[in-house]
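This report refers to the structure that appears directly beneath it.
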Amino acid sequence: MGLLTFDNPVFRWYAVAAAIMIAKMMSQAWITVFRMIKVNGGFRYPEDAQKGPANPNPRPDQLLPNEYVERSRRIHQNDTENIPLFLAAGLIYVCTAPPEMLAVGLFSAYVLSRLAHFYVVLTARSHELRATCWAIGAAIVYFMAGATVWTALKY
Amino acid sequence: MGLLTFDNPVFRWYAVAAAIMIAKMMSQAWITVFRMIKVNGGFRYPEDAQKGPANPNPRPDQLLPNEYVERSRRIHQNDTENIPLFLAAGLIYVCTAPPEMLAVGLFSAYVLSRLAHFYVVLTARSHELRATCWAIGAAIVYFMAGATVWTALKY
Amino acid sequence: MGLLTFDNPVFRWYAVAAAIMIAKMMSQAWITVFRMIKVNGGFRYPEDAQKGPANPNPRPDQLLPNEYVERSRRIHQNDTENIPLFLAAGLIYVCTAPPEMLAVGLFSAYVLSRLAHFYVVLTARSHELRATCWAIGAAIVYFMAGATVWTALKY
Numbered sequence: 005m006g007l008l009t010f011d012n013p014v015f016r017w018y019a020v021a022a023a024i025m026i027a028k029m030m031s032q033a034w035i036t037v038f039r040m041i042k043v044n045g046g047f048r049y050p051e052d053a054q055k056g057p058a059n060p061n062p063r064p065d066q067l068l069p070n071e072y073v074e075r076s077r078r079i080h081q082n083d084t085e086n087i088p089l090f091l092a093a094g095l096i097y098v099c100t101a102p103p104e105m106l107a108v109g110l111f112s113a114y115v116l117s118r119l120a121h122f123y124v125v126l127t128a129r130s131h132e133l134r135a136t137c138w139a140i141g142a143a144i145v146y147f148m149a150g151a152t153v154w155t156a157l158k159y
Numbered sequence: 005m006g007l008l009t010f011d012n013p014v015f016r017w018y019a020v021a022a023a024i025m026i027a028k029m030m031s032q033a034w035i036t037v038f039r040m041i042k043v044n045g046g047f048r049y050p051e052d053a054q055k056g057p058a059n060p061n062p063r064p065d066q067l068l069p070n071e072y073v074e075r076s077r078r079i080h081q082n083d084t085e086n087i088p089l090f091l092a093a094g095l096i097y098v099c100t101a102p103p104e105m106l107a108v109g110l111f112s113a114y115v116l117s118r119l120a121h122f123y124v125v126l127t128a129r130s131h132e133l134r135a136t137c138w139a140i141g142a143a144i145v146y147f148m149a150g151a152t153v154w155t156a157l158k159y
Numbered sequence: 005m006g007l008l009t010f011d012n013p014v015f016r017w018y019a020v021a022a023a024i025m026i027a028k029m030m031s032q033a034w035i036t037v038f039r040m041i042k043v044n045g046g047f048r049y050p051e052d053a054q055k056g057p058a059n060p061n062p063r064p065d066q067l068l069p070n071e072y073v074e075r076s077r078r079i080h081q082n083d084t085e086n087i088p089l090f091l092a093a094g095l096i097y098v099c100t101a102p103p104e105m106l107a108v109g110l111f112s113a114y115v116l117s118r119l120a121h122f123y124v125v126l127t128a129r130s131h132e133l134r135a136t137c138w139a140i141g142a143a144i145v146y147f148m149a150g151a152t153v154w155t156a157l158k159y
């Protein structure tokens, strides 16, 4: 029987965790846009420093990097490096028919660790705190990948 | 019954949309390579500015950023931030057993919005046009993520 | 019948290949961290150049780009542009019910081509060798995307 259906509670938890992570990562683009509007700069496209409805008073220095905007771009980059791996590893992990409590714990911990990572980077907390949040998410993805290989080897 | 099979017309439409987006994003790398060859620069790896079959007359300034090449890299980065989310959100959305017409509309609109976004960035059109194309794709991914959570909550 | 189960040998091979690629890409972050520690620099976050347990003797030049660290970041970026496409294309390809020998060959060749690409970039080999390794992986993803469209059109 296929396990990738909403009849399977583990898949339902995965689907909700995945939807939250997808919405979170997509929203990072809006945060970058919000910050570019707020500082009126940090643009990357030369055409964005042209006169237009969204930019009535263009200046060449609008194309210079702005740390406030770059911080949002780095969070986006970190999401890009991590969240697709969770989406794929989690889906395959659902197919290993894991115990529901374990799966729920892993999916919840992943989502919480990423939201904590987001907050820690946004507010420029210490490197140690950022690394801890990130490492929890990484460990969960490694665990799910390991469980996948383990399940495959049992056949 | 599993919905992730080619017997399910919604999955077939998803699979075709996904294949187009995968081929599109993969092709962006070739466009970057084409542009690096055309301007004979914009390289990022120091070893690429060494003498070799692909670079008979190396120059140190081949490693400087080149806007024509960087534009292709930014499109690639935008794909990287967006297309994996569509691939995951769309697959889970198929499992919610959506109405076929709605699903086909969403998948088609996503593909068209991304191809339009590609054209708009490649030809350096206005920020407003680029933002509109991007926002359509983002809205579709949000909608699919929302439908996923909604379906899970109904159980 | 669903094909996305561990009872399907093609899915098992996909799951193992996916797990290896997920673990590989996740590990690239650790390699970047290792290199930042080794050169005590190449940081991107201003807060990382502050005094703390991980950085007892901060210097402003720790925030300058460092080629040894940037090389690891470029490998990570290349993974980010490629591996999620393999994960998605491979999963959909499993649903096309391909011949097992062909699927095993494609998945194995993909994993080997990416590990070779990693080694070639890490050791700064020639552009030609790097391009060849990358192109093999790209060709496999294109092939799987094409097989997906072909299967959908047969219905």
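Protein chains in written order, with our numbering: chain A, 5 to 159; chain B, 5 to 159; chain C, 5 to 159. Glycine included, each C-beta is placed from N, C-alpha and C at the ideal position.
*Using a threshold of 7 Å, is the CB atom of residue 77 (chain C) nearer than that to any non-hydrogen atom of the ligand GTP?*
As presented, the structure is devoid of all ligands, the ligand GTP included, so that no description of it is given.
_Using the Cβ count rule (16 or more neighbours within 10 Å means buried), how would you classify residue 109 (chain C)?_
The residue you call residue 109 (chain C) lines up with position 105 of the third sequence. Here residue 109 (chain C) is exposed: its Cβ has fewer than 16 other Cβ atoms, across all protein chains shown, within 10 Å.
*asked:* Helix, strand or coil, according to DSSP, for residue 56 (chain B) in the structure here?
replied: Position 52 of the second sequence, counted from the first residue, corresponds to residue 56 (chain B). If DSSP states are grouped into helix, strand and coil, residue 56 (chain B) belongs with the strands.
*Taking all protein chains shown into account, do 16 or more other C-beta atoms lie within 10 angstroms of the C-beta of residue 58 (chain C), making it buried, or fewer, making it exposed?*
Locating residue 58 (chain C) in the third sequence gives position 54, where the first residue counts as 1. Exposed.
*Would you tell me roughly how many angstroms separate the C-alpha atoms of residue 115 (chain C) and residue 26 (chain C), rounded to the nearest one?*
To locate residue 115 (chain C), count along the third sequence from 1; it is residue 111. To locate residue 26 (chain C), count along the third sequence from 1; it is residue 22. If I take the Cα positions, the gap works out to 11 Å.
*Return the residues of the segment 38-59 of chain A that lie within a Cβ-Cβ distance of less than 7 Å from chain C, sorted by chain order.*
Residues: none.
*To which residues of the same chain is residue 82 (chain C) closer than 8 Å at the C-beta, ignoring the five residues directly before and after it?*
One-based indexing of the third sequence puts residue 82 (chain C) at position 78. Around residue 82 (chain C): 121, 125 and 138.
_Against chain C, does residue 26 (chain B) count as a neighbour if the rule is that its beta carbon must be under 8 Å from one of theirs?_
For the purposes of this step, residue 26 (chain B) is taken as residue 22 along the second sequence, with counting starting at 1. It does; some Cβ of chain C falls within 8 Å.
*Contacting residues, own chain, Cβ-Cβ under 6 Å from residue 39 (chain C) (five flanking each side not counted)*: Position 35 of the third sequence, counted from the start, is the residue given in the question as residue 39 (chain C). Same-chain partners within the cutoff: 72, 73 and 76.
*Could you tell me if residue 54 (chain A) is buried or exposed, where buried requires 16 or more neighbouring beta carbons within 10 angstroms of its beta carbon?*
For this step, residue 54 (chain A) is matched to residue 50 along the first sequence. Flag for residue 54 (chain A) reads exposed.
*Segment limits, alpha helix (DSSP H) that includes residue 28 (chain B)*: Sequence index remark: in the second sequence, residue 28 (chain B) carries index 24 (1-based). Looking at the DSSP string, the run of the alpha helix (DSSP H) that includes residue 28 (chain B) is 13-43.
*Using a C-beta to C-beta distance shorter than 7 Å, which residues of chain C count as neighbours of residue 130 (chain A)?*
Taking the first residue of the first sequence as 1, we reach residue 130 (chain A) at position 126. In chain order: 51 and 56.
*Do three or more CB pairs link the segment 13-32 of chain C to the segment 40-53 of chain A at distances below 8 Å?*
Output reads no: the segment 40-53 of chain A does not touch the segment 13-32 of chain C.
*asked:* Tell me the residue span of the alpha helix (DSSP H) that contains residue 136 (chain C).
replied: Along the third sequence, read from residue 1 onward, the residue named residue 136 (chain C) stands at position 132. Here the alpha helix (DSSP H) through residue 136 (chain C) covers 131-157.
*asked:* By the three-class DSSP mapping on this structure, what secondary structure does residue 102 (chain C) have?
replied: Looking up residue 102 (chain C) in the third sequence gives position 98. Coil at residue 102 (chain C), not helix or strand.
*To the nearest angstrom, how far is it from the Cα of residue 133 (chain C) to the Cα of residue 123 (chain A)?*
As a working mapping, residue 133 (chain C) is identified with position 129 in the third sequence. As a working mapping, residue 123 (chain A) is identified with position 119 in the first sequence. In this structure, the CA atom of residue 133 (chain C) is about 41 Å from the CA atom of residue 123 (chain A).
*Kindly indicate which three-state DSSP category residue 2 (chain B) falls into: helix, strand or coil?*
Nothing in the structure corresponds to residue 2 (chain B), since chain B is present only between 5 and 159.
*Less than 8 Å separating the beta-carbons of residue 88 (chain A) and residue 62 (chain B)?*
Here the question's residue 88 (chain A) lines up with position 84 in the first sequence. Here the question's residue 62 (chain B) lines up with position 58 in the second sequence. For residue 88 (chain A) and residue 62 (chain B), no; Cβs fall outside 8 Å.
*When the cut-off is 8 Å and only beta carbons count, does residue 105 (chain C) lie next to chain A?*
Residue 105 (chain C) sits at position 101 when you count from the first residue of the third sequence. It does not: the Cβ of residue 105 (chain C) has no partner Cβ on chain A nearer than 8 Å.
_Whole-number beta carbon distance between residue 30 (chain B) and residue 145 (chain C), since they are thought to touch under 8 Å_ = As a first step, residue 145 (chain C) is located in the third sequence; it is residue number 141 there, counting from the start. As a first step, residue 30 (chain B) is located in the second sequence; it is residue number 26 there, counting from the start. With a Cβ gap of about 6 Å, residue 145 (chain C) and residue 30 (chain B) count as contacting.
*Does DSSP put residue 49 (chain B) in a helix, a strand or coil?*
What you label residue 49 (chain B) is simply residue 45 of the second sequence in a count that begins at 1. DSSP places residue 49 (chain B) in coil when its eight states are reduced to three.
*Could you tell me whether the Cβ of residue 9 (chain B) comes closer than 8 Å to any Cβ of chain C?*
On the second sequence, residue 9 (chain B) is found 5 positions in, with the first residue counted as 1. Proximity of residue 9 (chain B) to chain C, defined by a Cβ-Cβ separation below 8 Å, is satisfied.
*When the Cα atoms are used, what is the spatial distance from residue 21 (chain B) to residue 142 (chain A)?*
Mapped onto the second sequence, residue 21 (chain B) falls at position 17. Mapped onto the first sequence, residue 142 (chain A) falls at position 138. Taking the straight line joining both Cα atoms gives about 30 Å.
*For a contact meaning CB atoms closer than 9 Å, what does residue 153 (chain A) contact in chain B?*
Counting from one through the first sequence, the residue named residue 153 (chain A) turns up at place 149. Residues of chain B passing the Cβ test: none, with the nearest at roughly 21 Å.
_Under 8 Å, Cβ to Cβ, is there at least one residue of chain C near residue 146 (chain A)?_
For the purposes of this step, residue 146 (chain A) is identified with residue 142 of the first sequence, where counting begins at 1. By the rule that beta-carbons nearer than 8 Å mark a contact, residue 146 (chain A) touches chain C.
*With residue 100 (chain B) and residue 111 (chain A) assumed to form a contact (beta carbons below 8 Å), what rounded beta-carbon distance in angstroms separates them?*
Counting from one through the second sequence, the residue named residue 100 (chain B) turns up at place 96. Counting from one through the first sequence, the residue named residue 111 (chain A) turns up at place 107. Contact annotation, residue 100 (chain B) with residue 111 (chain A): C-beta distance approximately 18 Å; criterion of less than 8 Å not satisfied.
*In chain B, which residues lie with their C-beta within 7 Å of the C-beta of residue 161 (chain C)?*
Because chain C in this structure spans residues 5 to 159, residue 161 (chain C) falls outside the shown range and cannot be described.
*For chain C, is any of its Cβ atoms less than 8 Å away from the one on residue 159 (chain A)?*
Position 155 of the first sequence, counting from 1, holds the residue named residue 159 (chain A). By this cut-off, residue 159 (chain A) is an interface position.
*asked:* With a threshold of 8 Å on Cβ separation, who are the neighbours of residue 68 (chain A) within its own chain once the five nearest residues in sequence on each side are excluded?
replied: On the first sequence, residue 68 (chain A) is found 64 positions in, with the first residue counted as 1. The answer, listed in chain order, is 45 and 46.
*Please list the partners that residue 136 (chain A) has in chain B, where partner means a Cβ-to-Cβ separation under 8 Å.*
Translated into the one-based positions of the first sequence, residue 136 (chain A) becomes position 132. Here the premise fails: no neighbours, minimum Cβ distance about 25 Å.
*Is residue 106 (chain A) buried or exposed, if buried means 16 or more other CB atoms sit within 10 Å of its CB?*
Translated into the one-based positions of the first sequence, residue 106 (chain A) becomes position 102. Per the 10 Å Cβ criterion, exposed.
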